[in-house]
Amino acid sequence: MIVRGRVALGVLCLAIWQAGHWALGADWISGPVDIVRRLAEITASGELARHTMATLSEAALGFLLGGGAGMLLPFALRRSPRLTAALDPFFTAAMGVPKLALAPLLILWFGIGVMSKVVFVAAVVFFFLFFNVLAGVRSIDPRLAAAVRVLGAREWTVTWEIAWHTALPYVFTGLKVALPRAISAAVVGEFIAADRGLGYYINTARAMADPVGLFTGVTVVTVLVLAIDAGLERVQARSLAWRPLARDATV
Amino acid sequence: MSEGAVLLEVRGLGRRFEPRADRGEAVFAIRDLSFDVREQEFLTIVGPSGSGKSTLLNLIAQIDAPTEGEIRFRGRPIAAATAGALRPGWDRQFGYVTQDDTLLPWRTLIENVLFPLRVQGRLSAQTRDRASELMSTVGLEGFERYYPHELSGGMRKRAALIRTLVYDPPVILMDEPFGALDAQTRTQLQADLLRLWNLGRKTIVFVTHDIAEAIALGDRTLVFTRAPARVQSEHRIPIARPRDVRTIYGVDGFAETYERIRKELQ
Numbered sequence: 011m012i013v014r015g016r017v018a019l020g021v022l023c024l025a026i027w028q029a030g031h032w033a034l035g036a037d038w039i040s041g042p043v044d045i046v047r048r049l050a051e052i053t054a055s056g057e058l059a060r061h062t063m064a065t066l067s068e069a070a071l072g073f074l075l076g077g078g079a080g081m082l083l084p085f086a087l088r089r090s091p092r093l094t095a096a097l098d099p100f101f102t103a104a105m106g107v108p109k110l111a112l113a114p115l116l117i118l119w120f121g122i123g124v125m126s127k128v129v130f131v132a133a134v135v136f137f138f139l140f141f142n143v144l145a146g147v148r149s150i151d152p153r154l155a156a157a158v159r160v161l162g163a164r165e166w167t168v169t170w171e172i173a174w175h176t177a178l179p180y181v182f183t184g185l186k187v188a189l190p191r192a193i194s195a196a197v198v199g200e201f202i203a204a205d206r207g208l209g210y211y212i213n214t215a216r217a218m219a220d221p222v223g224l225f226t227g228v229t230v231v232t233v234l235v236l237a238i239d240a241g242l243e244r245v246q247a248r249s250l251a252w253r254p255l256a257r258d259a260t261v
Numbered sequence: 169m170s171e172g173a174v175l176l177e178v179r180g181l182g183r184r185f186e187p188r189a190d191r192g193e194a195v196f197a198i199r200d201l202s203f204d205v206r207e208q209e210f211l212t213i214v215g216p217s218g219s220g221k222s223t224l225l226n227l228i229a230q231i232d233a234p235t236e237g238e239i240r241f242r243g244r245p246i247a248a249a250t251a252g253a254l255r256p257g258w259d260r261q262f263g264y265v266t267q268d269d270t271l272l273p274w275r276t277l278i279e280n281v282l283f284p285l286r287v288q289g290r291l292s293a294q295t296r297d298r299a300s301e302l303m304s305t306v307g308l309e310g311f312e313r314y315y316p317h318e319l320s321g322g323m324r325k326r327a328a329l330i331r332t333l334v335y336d337p338p339v340i341l342m343d344e345p346f347g348a349l350d351a352q353t354r355t356q357l358q359a360d361l362l363r364l365w366n367l368g369r370k371t372i373v374f375v376t377h378d379i380a381e382a383i384a385l386g387d388r389t390l391v392f393t394r395a396p397a398r399v400q401s402e403h404r405i406p407i408a409r410p411r412d413v414r415t416i417y418g419v420d421g422f423a424e425t426y427e428r429i430r431k432e433l434q
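The listed protein sequences correspond, in order, to chains V and C.
The numbers in this note's numbering rise by one with no breaks, and the one at position 178 of the first sequence is 188.
The numbers in this note's numbering rise by one with no breaks, and the one at position 3 of the second sequence is 171.
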């Protein structure tokens, strides 16, 4: 039922796209057929793989750095509520800094290579995970923690057994938002200065007034995000199998 | 009715709770509370709700520290107003079955039951066998792979009880463990508890607000006053073991004891 509905909606979107293409002309909106053709070309030439790999590796590295820090820091701060409270305005301020405005600075510091994008992605992703996981770690049930301590658990076990499992749904909420952001941050970073990557491809298409290239680049990024999200959903379903499922009841 | 050595001494115990900012005064949940628990004794405690019974068990279990007085275990002070860091469970000497469900929701029943053995590094073929033996004693076999939320309240309570029995702490604290269950499940669980207790006599401190339960299970019953809690009276339960909780109401001595305690509580 869900799958059929999805397919129908997808077909509808394609139809609207195609209709727009016919109504406004190829200079404004490239048609799906042109894009499929372009995709075949750049797949054959190896361009697609090269740019996709570049963007993916920047996003993945930045994600590991920023996401990893954002995920671990709340656990490190778990036993220090006063330190956490003291640091709070600084984290908020750091989150408030518009990262895009920092991009030129990052290029100055880290060059136009991979490193500047990695740092950019890390800076964007960190906060999504940090604040979500912090909320998760704070929602520990003190009665559960007391119970496992009585059973002989050490602090390490409390962290792993209680804090981690309590925070896990929050981790996934953070990942759900952060993973697409990691990809788009890498792409945006490549707009600004790069010699490869999907952002570079899109930007080059813009500079050369090549709408088909632009649409193709955006399509590839979208598909990439969808694929990553589908993978995440699967991991989440397996990791949170213990929870009473929403499929049983709508609350 | 055991007459073992004194195992646990509670002396002049007090616990004061500070009020939240500008909301009333500090209150003592318990104050000036003293009593003994003997080795292998089944001690039950009844009192009006809010009389600090759970606070007392938290202090014995060392998940909370007293404001006054001290607790001695085998003659050694284990909790005092002046003591340093808490040591929950005092190195696995105290098991604690609480009122709320504290099974880990993300672990299956068998993982929950084996959890204390795992964190204590005592998981072996032998201890596993003992765990499954205990599980089948209370009718939990076949449910090992279920998550807690998939089971009834009575089954979760049984699992919580087994999780404590499995690592064999010499003292078990129980805080109205059967409070939230229906009458039938409750009687069944009381019977299970008595049977398990008869298998390997432990020292049990069992808190309840149900007079009948206190009499049916205990060797001795303490009646607590309203907060700040103190021991109002002490009652030996004149009923021989083994007991059958289903027919306990008709046994000689039950009615008189019940009446006596009921009057005290009024």
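Glycine included, every Cβ here is placed at the ideal spot set by N, Cα and C.
Assigned exposure category for residue i - 16 Cβ within 10 Å defines buried
i, result
"residue 153/V", "exposed"
"residue 343/C", "buried"
"residue 191/V", "buried"
"residue 170/C", "Confidence in residue 170/C is poor, its pLDDT being 46 and thus under 50, which makes the residue's placement too unreliable to answer from."
"residue 26/V", "exposed"
"residue 244/V", "exposed"
"residue 14/V", "exposed"
"residue 210/V", "buried"
"residue 253/V", "exposed"
"residue 424/C", "exposed"
"residue 417/C", "exposed"
"residue 181/V", "buried"
"residue 303/C", "buried"
"residue 360/C", "buried"
"residue 30/V", "exposed"
"residue 114/V", "exposed"
"residue 376/C", "buried"
"residue 258/C", "buried"
"residue 53/V", "exposed"
"residue 431/C", "exposed"
"residue 351/C", "exposed"
"residue 219/C", "buried"
Distance CB(residue i)-CB(residue j) smaller than 8 Å
i, j, result
"residue 204/C", "residue 177/C", "yes"
"residue 400/C", "residue 381/C", "no"
"residue 76/V", "residue 141/V", "no"
"residue 229/C", "residue 262/C", "yes"
"residue 414/C", "residue 353/C", "no"
"residue 271/C", "residue 324/C", "yes"
"residue 347/C", "residue 267/C", "yes"
"residue 193/V", "residue 242/V", "no"
"residue 196/C", "residue 386/C", "no"
"residue 202/C", "residue 182/C", "no"
"residue 390/C", "residue 213/C", "yes"
For residue j and residue i, believed in contact at Cβ under 8 Å, the rounded distance
i, j, result
"residue 147/V", "residue 85/V", "6 Å"
"residue 306/C", "residue 341/C", "About 19 Å separates the two Cβ atoms, so there is no contact after all."
"residue 188/V", "residue 138/V", "4 Å"
"residue 178/V", "residue 118/V", "At roughly 39 Å, the Cβ-Cβ gap does not stay under 8 Å, so residue 178/V and residue 118/V are not in contact."
"residue 47/V", "residue 173/V", "Actually they do not touch by this definition, with Cβ atoms about 52 Å apart."
"residue 42/V", "residue 24/V", "6 Å"
"residue 98/V", "residue 222/V", "Not really, about 48 Å apart at Cβ, beyond 8 Å."
"residue 68/V", "residue 134/V", "So it is not a contact: roughly 12 Å between Cβ atoms."
Closest Cα partner of residue i within the set the options
i, options, result
"residue 204/V", "61/V, 161/V and 15/V", "61/V"
"residue 408/C", "263/C, 421/C, 281/C and 374/C", "421/C"
"residue 175/V", "81/V, 221/V, 244/V and 20/V", "81/V"
"residue 337/C", "384/C, 308/C, 378/C and 256/C", "256/C"
"residue 183/V", "220/V, 246/V and 90/V", "246/V"
"residue 59/V", "248/V, 180/V and 230/V", "230/V"
"residue 301/C", "287/C, 367/C, 259/C and 250/C", "367/C"
"residue 121/V", "200/V, 57/V and 163/V", "200/V"
"residue 95/V", "124/V, 132/V, 56/V and 144/V", "144/V"
"residue 411/C", "426/C, 384/C and 351/C", "384/C"
"residue 221/C", "235/C, 206/C, 207/C and 198/C", "198/C"
"residue 56/V", "236/V, 217/V and 206/V", "206/V"
"residue 329/C", "363/C, 310/C, 173/C and 318/C", "363/C"
"residue 65/V", "32/V, 228/V and 16/V", "228/V"
Neighbour flag for residue i against chain A, beta carbons, 8 Å
i, result
"residue 268/C", "Absence of chain A from the displayed structure is noted, the protein chains being V and C."
Quiz item: Can at least three beta-carbon pairs, one atom from the segment 166 to 173 of chain V and one from the segment 103 to 115 of chain V, be found at a separation below 8 Å?
Solution: Touching, no, given that fewer than three Cβ pairs across the two stretches are closer than 8 Å.
Exercise. Could you tell me whether the segment 386 to 398 of chain C touches the segment 321 to 339 of chain C, using the rule of 3 or more Cβ pairs below 8 Å?
Key: Contact between the segment 386 to 398 of chain C and the segment 321 to 339 of chain C is absent, because fewer than three Cβ pairs lie under 8 Å.
Quiz item: At a cut of 8 Å, does the segment 155 to 163 of chain V reach the segment 65 to 79 of chain V through at least three beta carbon pairs?
Solution: Contact annotation: the segment 155 to 163 of chain V does not touch the segment 65 to 79 of chain V, with fewer than three C-beta pairs closer than 8 Å.
Self-check item: Sufficient close CB pairs (3 or more, under 8 Å) joining the segment 272 to 281 of chain C to the segment 299 to 314 of chain C
Solution: Here the segment 272 to 281 of chain C lies against the segment 299 to 314 of chain C, with 3 or more beta-carbon pairs under 8 Å apart.
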